[in-house]
Structure formats: structure tokens, C-alpha cells
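Everything below concerns the one structure shown next.
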Amino acid sequence: MQGLADALPVLILIGIGVLVRVSGLVNAREGLVLTRVVYYVTIPAAIIVSIASAQLTLAKAWLPVISLVVPCVLAGIMYLTTRRLLKQPELRGVLLVGMVVLAVFAYPFFELFYGPDGLANMAIYDVGNAIYAGPVALTLAQRFGSRRTAPLDRGAAWGRIARSPLLWAAIIGLAASLLRIEVRGVVGGTLRRLANANTPLAMVSVGIFLRPRKGHMGLVAQFVGLRMVLGGLLGWGLGALVGLGGLDMITAIVGSSLPAGTTALIYAGNEGLDAEFAASMISFTVIIGAVVINILPHLLARVYL
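Anchor point for the sequence shown: position 144 equals 143 in numbering that gives the first Met the number 0, and the numbering is continuous, going up by one each time.
As C-alpha cells, this is what we get:
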């Protein structure tokens, strides 16, 4: 109950985002502006501040590896189990691209539950997720989207990684930590203020995009079972295989159980996938994820901490 009480302000922020959309203050297009501010400004600031002050170990190097392997394996399983959608590639593509998780959803909770080290761990885990979102997810979106007659643009996929603000923020944070450079002064103060703004802005933006619909509930259930249940088990198995423990193991499990990211919605619009299904799938997994993120970390903490 205490964990839920601590997380309640974060959940209220998501509710505020829903109210902002329902009241007509912003529409989906305007909501994307807030999402871009979060993606390009506040999340990178939070990543730099958290990783720069974290105690890094060699074991943490496995986190981005796990976060890349898990969606690749799950996408393969999803592909093999959705052959019935052969004539509906726009739906099938969403299920594959949706393996990119909404890691930003876990940032405020991990910072709340585990402090700066928790946020740093999730940021490191997110590096592998960002790599999957680049060449793998974009290639899948181009392959299954309605514009799939055009040649696959693999250069654009790798370029997306090279331009990823989250990846560069992680690199800067890692360099500062390894070189023991303190983030302070004007730069440090600015970054911390931006990092403090990350939770309210990110969670409000999540709420703006919540649009659960009843269509294709069987596919949504299949996605939840694979991405959030089997994904968590796979994260646990890989973590055990490489000898992770403590907060690193918790990060691997919870990170692999997170809801679908908005990447699926963005790629759906750009590449001709089913955007309505993408929005609904993301919404349902975020609602389920709100429960998971408030229970699973506390259960795992009793075992690994």
C-alpha cells in the first residue's frame, strides 16, 4: 500500500494528461509537440544526471544487451504465431514494432523506488531498446507497412540511432561517470532543473495518448502475454544466465515487462501500419503497466535486495 501511495502522484499526472486531451486543450498532433520536448530535452537531461552520478559496474554492461536480445526474440515468436495475419500486414507490423518498450514510463518509478541508481539503471537498459527501435523496428515497419513497395531504407534506420538523443545522453553520462567528472555549475544546475521537469512532462504526455478501444482484443491479449509476461521471464532468464543480481536483475526483469512504446504509433503513421490499432495497443499495455510497475519492483526487491 505504501508503494502505491508513493506512486499515486505519478499516476495522477497520467490522469491529468487524459483530462487535457478529453477537455480539448490539446489534440493528438499538439500532444506530439510535448512528446518531442520530453524525448529531446528532459529525458536526455535526466539520463545524463543519473548516469553521471551512478556507480558503474561491469555487470551493468549486460543491461543493454538484454534489452536488445529480448525484443528480437519476442518479435521472432510473434512473427511465427501471427501467420493468420498474412493478409493483414498492417496489423502484424504493429505487433512486431511494438516490441519497443516505453522505458520512459519506468524512469520516474525507478527513481522513486530506488533513487538515482534506479534511474541510471533503467537509462542504461534503455540503450538496447533504442537500438532495436532503430534498424530493427524501422525495417519491420517499412516491410509490413502499406508503403512496403518502396525499397527498405536501412541507412535511415542506422541514422536514427546515430541521432538518438537518448543514446548520446547515455554516452555523455557514461563518460562523465568513468572520468569522474562532476556535473555541476551552470551546466549541472540547468540539467538538474530539466531532469526535475521530466517526470511531470513525460507522464502527462503518456496520458494524452491513452486511447483504449475494444477492437482486436485478441491481438492485444496476445501482445500482452508475449511482451509483458514472456518478456519479463526472458529478462529474468538472461539475467540469471549472465549472473546479474540486486538492482541489475530487477532492472532486467521489469524493463523487459514494460508496455509498448509510442514508437509503434510513430512508425504506423510514417510507414502505413494500422495507427488506430497501435494507439489502442499502447493504451491497454500502459494501463496494465501502471499496475505492474507498482507491484513487480516491490516483489522483486524482497528477493534481490
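Note that the Cβ used here is the ideal one computed from N, Cα and C, for glycine as well.
Answer yes or no: do G306 and F104 have a C-beta to C-beta separation smaller than 9 Å?
In the structure as shown, the chain begins at 0 and stops at 304. Residue 306 is therefore absent and cannot be evaluated.
Count Cβ pairs between the stretch 87-101 and the stretch 255-273 that sit closer than 8 Å; are there 3 or more?
The stretch 87-101 makes contact with the stretch 255-273, as at least three CB pairs between them are under 8 Å.
Around the C-beta of V182, are 16 or more other C-beta atoms found within 10 angstroms, so that it is buried, or is it exposed?
Counting C-beta atoms within 10 angstroms of its own C-beta, V182 has 16 or more neighbours from the protein chains shown and is therefore classed as buried.
Length-filtered (4 minimum) alpha helix (DSSP H) runs lying within the stretch 93-170
Complete alpha helix (DSSP H) runs here, min 4: 106-113, 115-130, 136-143, 153-161.
Residue burial classification, Q141 (beta-carbon count within 10 angstroms, cutoff 16)
Result: buried.
Taking C-beta to C-beta, are T284 and L67 nearer than 9 Å?
When the beta-carbon positions are compared, T284 and L67 stay at least 9 Å from each other.
Tell me whether R53 sits in a helix, a strand or coil according to DSSP, three-state version.
The sequence shown places Ala at residue 53, rather than the Arg named in the question. In the structure shown, A53 adopts coil according to DSSP, grouped into three states.
Residues bridged to A175 [DSSP beta-bridge criterion]:
A175 pairs with nothing; no bridge assigned.
What does the Cβ neighbour count give for K213, buried or exposed, with the cut at 16 atoms within 10 Å?
Exposed is the label assigned to K213, since fewer than 16 other Cβ atoms lie within 10 Å of its Cβ.
My understanding is that I46 touches S176, with C-beta atoms under 8 Å, so please give their C-beta distance in whole angstroms.
Not confirmed; about 11 Å, so no contact.
Give a yes or no on contact between the stretch 247-254 and the stretch 228-236, applying the rule of three or more CB pairs nearer than 8 Å.
Using a Cβ-Cβ distance cut-off of 8 Å, the stretch 247-254 and the stretch 228-236 are in contact, since at least three pairs of beta carbons, one from each stretch, lie closer than that value.
With burial defined as no fewer than 16 other Cβ atoms inside 10 Å of the residue's Cβ, what is the status of G184: buried or exposed?
With a threshold of 16 other beta carbon atoms within 10 Å, G184 falls short and is exposed.
With burial defined as no fewer than 16 other Cβ atoms inside 10 Å of the residue's Cβ, what is the status of E29: buried or exposed?
Counting every other CB atom within 10 Å of its CB across the protein chains shown gives E29 a total below 16, marking it as exposed.
Assuming contact is defined by CB atoms lying nearer than 9 Å, are F208 and A278 in contact in what I supplied?
Against a cut-off of 9 Å, the Cβ pair of A278 and F208 comes out as a contact.
Mind reading off the beta-carbon distance from T261 to T34? Whole number of angstroms is fine, and I expect it under 8 Å.
Correct: roughly 7 Å between the Cβ atoms.
Got a sec? Which residues, its chain only, sit under 6 Å from M227 by beta carbon, not counting five neighbours each side?
Taken in chain order, the residues that qualify are S256.
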